[in-house]
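A.B. asks: Right, I'll just put the structure down here and ask away after.
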Amino acid sequence: MNKKYLLSIVLFLIAINYSFAFQKATSVNSLSFDKNKCVIKGNGYMFYKTFALEKDNTKILAIDILGIKSYNPAIPSLILANDSNAVSLIKLALHNDKNIGLRVVFYLKDNAQYQIDRNNDTITVVFNENSLPQNVKKIEPQTVSNELPKQPVESPVEAIANSSANSKQNEIESITSTTIRNKTQIKISTSKKPVYEVKHENGNILITIKDVGPSKPLISNSSKLIENIVTNIEKNDYIIKVLTSNAKIDEIASSDKSIFVVLSPQQSVEDLNIVSKEHQKEFVGKKISFDVRDADLQDVLRVIAAAANLNVMIGDSVKGKITMRLMNIPWDEALDLIAKQQGLVVQKQGNVLLINSAAEAAKLTKEQLEAITMQQNLERKNDAVAKIIKLNYIDPDYAKNIIDSLVYNKQKESIGFVVADKVNNSIICYDTKQNIQKIENIVKAIDVKKREIEISAKIVIVSKGYERDLGIQWGGNYAQKVFGQNSYLAIGGSSLPLSVSGSGSTSAAGINTGGFSVNNAFANSNYIVNTPAAHQFGNLSLMIGNVMANYNLDLKLSLAEINNYSKTLSSPKVITLDNQEATVESGQEIPYTTITTTGTQSTSFKDAVLSLKVTPHITNNGDIIMKLDIKKDSPGAPAPNGELTINKNNITSTVIVKNGQTIAIGGVYETTTSKSENGIPFLKSIPLLGWLFKSQTITKPESELYIFITPKIL
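Per mature numbering (1 follows the signal peptide of the UniProt record, and there is no 0), the sequence shown runs over residues -21 to -1, 1 to 693.
Below you can see the structure in the form of structure tokens.
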């Protein structure tokens, strides 16, 4: 009797254990991570699938625990693995796709490897930075069946399959790839049961088959996902390298003489579709089922309300028929699906469901808001008061604009308003005490004394002038009797030295010519070449002549050099408030006369002024930003038509300067070199000798303009 009782207990315990082992998990109770080991526990048998990818040089391992609908709120959705040398970050969340369940994402460090082990309700992931221990087998990405295991079987994702007892070397017969529904199946046919290893390296699939002899397999590839299949033999290992375009392993399986590897397009990090549990809408209502065709929409909604034990009010705008089949789902989920499909808005007030079309609900909401606003305005009118707020430093219009923008913002339904009183430099407010308190706080914040800034400018104009003149004057006279006593030959410069003086006579002023006389024979103004210098500050004269021989020669050199220098310093200064424009001008109005089309004369004026216009702003760190416009005008030379011209110097700039610092914001340097020559054509161009037939003037004026600005906070 005792043996039967004991046997019953044993069988009962086995039955309990068996039933637990095959109860599919729907919730994750705990998740712990310690250094390189992660343990995930559920409330039943854990089914999962994995995939790996790489994004921005970061390797990512994702584990989808199938059928999970919730997890312990105490489990954080983000875990920083600071004490791990293989994992940097762990994220987990419920997926949008209910078939996926809970997704756990591991962000791996360089060269990190992993091994996944499942024991009924527990999934264990072991990481190691360099290599796994000798007795640990690396698990590659996989897909597992949702069906419960009937007996202990070898996992299809074991990296290394068990070896058969046969010692004869294996032989690879064929390698083929086929595409079925966006997935690619690689089939490797062998002569006996293979011992193999599958790896995912750098986006490619590496399949190593152990103990393989010489083989010449038939290779066939019809998949666009596979770019090429390369084979190689190392010692007794047959290596198949499958070059893919962004593929992942979905499933690995084997039979007596075949290896199957199923591939699918790789998911990117953006396609993980992780949804945090805070944003996952949960439905907890009583489960109901519907299978109706062309049912009245209002009747269906009434049935749902009855199942929820709630009252319902359905608007007239809710009309139409509905066909649906919803089996064993919460009533609130069914109502949510119907509302989305029919464009309805469901509101719950107490134990009453209010259901309207979206347009009707929007209309009712608008009317309710308008009614509430009218009621509030009525209450505010009863509580409204008037108050005068004095201003110290700001303009009433400025204060009114700020208050209108912050408090009223052009609200037509508002009963409050503000009036600017410029005479008394104040604002008059009419509103509730609460809003007037807001206005007072705003005025207190903006009505503050502004700091003053002194801006000093120095405008320096330096003018230099240089002029050099070289000139020459030379000539002479000659007179002589020829062909007898009554004929003479005379040579001179600008005038001949001959004149008729009647009968022959001799005088002290001339030469006896027998009726003619040579007058002023030695005058030094009768030049053949007359090109003196424009400015004759230095002259050198030479005269050679013979009284009896009736000739003379005059030579005069003129030299001049002029240097001038002038410096003009203008120092306008102005004081203004922060963010306020200031202008200072000094100069003259120059009159000029113009003639109209009718012939009448009129007098107009042109300004020639020194002007400084500046808008300063003090920054939080004490620097000063200045918008500058500086002008320095002066009268110019008259135009050919007699109209007055103005020489302008203008600089517009924005600068940042420290308090008290001087900055040069601009400058103009101008120089002109001119050379002029006066002389006798052709002769003045003869090298060296040409200087006897020309004069030369060289001028080189220079001008420099510098502007310096110094701001100072007072």
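Beta carbons: idealized from backbone N, C-alpha and C, even for Gly.
(1) For Asn211, report the span of its beta strand (DSSP E) as first-last.
(2) Helix, strand or coil: how does DSSP classify Lys166 here?
(3) By Cβ distance, which residues of its chain are closer than 8 Å to His596, with the 5 residues on each side in sequence left out?
(4) So, for Ser435: in the same chain, excluding its five sequence neighbours on each side, which residues have a beta-carbon less than 6 Å away from its beta-carbon?
(5) With a cut-off of 8 Å, do at least 3 Cβ pairs link the stretch 184 to 196 to the stretch 212 to 220?
(6) Can you tell me which of the three DSSP states Ala338 falls into?
(7) Just curious, the beta strand (DSSP E) that Val422 is in, first and last residue?
(8) Within this structure, are the beta carbons of Leu280 and Ile334 separated by less than 7 Å?
(9) Sorted by chain position, which residues of the same chain lie with C-beta nearer than 8 Å to Lys265's C-beta, five sequence neighbours on each side aside?
(10) Nearest-angstrom Cα distance between Gly329 and Val291?
(11) DSSP puts Asp275 in a beta bridge; with which residues?
(12) Give the C-beta separation of residue 720 and Val593 to the nearest angstrom, bearing in mind that I take them to be a contact with Cβ-Cβ under 8 Å.
(13) Give a yes or no on whether the C-beta atoms belonging to Lys585 and Ile574 are separated by under 7 Å.
(14) Can you tell which of Asn99, Leu57, Ile159, Gly46 has its C-alpha closest to the C-alpha of Tyr24?
(15) Any contact between the stretch 652 to 662 and the stretch 408 to 421? By contact I mean 3 or more CB pairs, one from each, below 8 Å.
(16) Measuring only the C-alpha atoms, how far is Phe501 from Leu671?
(17) Measuring only the C-alpha atoms, how far is Phe12 from Val18?
(18) Could you check which residue in Gly192, Asn361, Ala513, Val508 has the C-alpha nearest to that of Leu532?
(19) Are the stretch 575 to 582 and the stretch 442 to 453 in contact at 8 Å, needing three or more beta carbon pairs?
(20) Identify, in the order they occur along the chain, each residue of the same chain with its Cβ nearer than 6 Å to the Cβ of Phe85, setting aside the five sequence neighbours on each side.
(21) So if DSSP puts Met522 in a beta bridge, which residue, or which two residues, is it bridged to?
(22) So, under 8 Å CB-CB, Ile373 and Ile421 are touching, yes? Tell me the CB distance rounded to an integer number of Å.
(23) Figure out for me which residue from Thr555, Leu385, Asn181 has the closest Cα to the Cα of Asn90.
(24) Output the distance between the C-alpha atoms of Thr582 and Arg447, rounded to the nearest integer angstrom.
(25) Drop a sphere of 10 angstroms on the beta-carbon of Ile368, count the other beta-carbons inside from all chains shown, and report buried for 16 or more, exposed for fewer.
(26) Less than 8 Å between C-beta atoms, sequence neighbours within five positions excluded: which residues of the same chain meet that for Lys162?
(27) Please state whether the Cβ-Cβ distance between Leu521 and Leu534 is less than 7 Å.
(28) Helix, strand or coil, according to DSSP, for Phe687 in the structure here?
(29) Quick check: what's the CA-CA separation for residue 732 versus Ile154?
(30) Quick one: what's Glu33 bridged to in DSSP?
(31) Hey, quick one: how far does the alpha helix (DSSP H) through Ile597 stretch, first residue to last?
(32) Taking the alpha-carbon positions, what's the Lys637 to Gly601 distance?
(33) Could you check how far apart the C-beta atoms of Asn15 and Asn51 are, in whole angstroms? I think they sit under 8 Å.
(34) Output needed for Lys38: all residues of its chain with C-beta closer than 6 Å, excluding positions within five of it in sequence on either side, in chain order.
(35) Going by other Cβ atoms of all chains shown within 10 Å of its Cβ, with 16 needed for buried, is Asp612 buried or exposed?
(36) Once the 5 residues before and after Ala318 are set aside, which same chain residues still bring their CB inside 6 Å of it?
C.D. replies: To lay it out plainly:
(1) 205 to 213
(2) strand
(3) Asp557, Asn558, Ile603, Ile604, Met605
(4) Lys552, Thr689
(5) yes
(6) helix
(7) First-last for Val422: 412 to 425, but that is the alpha helix (DSSP H), not the beta strand (DSSP E).
(8) yes
(9) Ala286, Ala287, Pro309, Trp310
(10) 11 Å
(11) Lys300
(12) The chain is shown only over -21 to 693; residue 720 falls outside these bounds and no answer can be derived.
(13) no
(14) Asn99
(15) no
(16) In this prediction, Phe501 has a pLDDT of 42, which is less than 50 and means its spatial position is unreliable; what the coordinates show is noted afterwards. Approximately 21 Å, taken between the alpha carbons.
(17) 6 Å
(18) Val508
(19) no
(20) Leu40, Val66, Ile69
(21) Asp533
(22) The Cβ separation is near 11 Å, so there is no contact.
(23) Asn181
(24) 41 Å
(25) buried
(26) Asp229, Val241, Leu242, Ser243
(27) yes
(28) strand
(29) It is not possible to answer for residue 732, since the shown part of the chain is limited to -21 through 693.
(30) Lys38
(31) Per DSSP, Ile597 belongs to no alpha helix (DSSP H); it is in the beta strand (DSSP E), 580 to 597.
(32) 7 Å
(33) Going by Cβ atoms, the distance from Asn15 to Asn51 rounds to 23 Å, so no, they are not a contact pair.
(34) Leu87
(35) buried
(36) Val325
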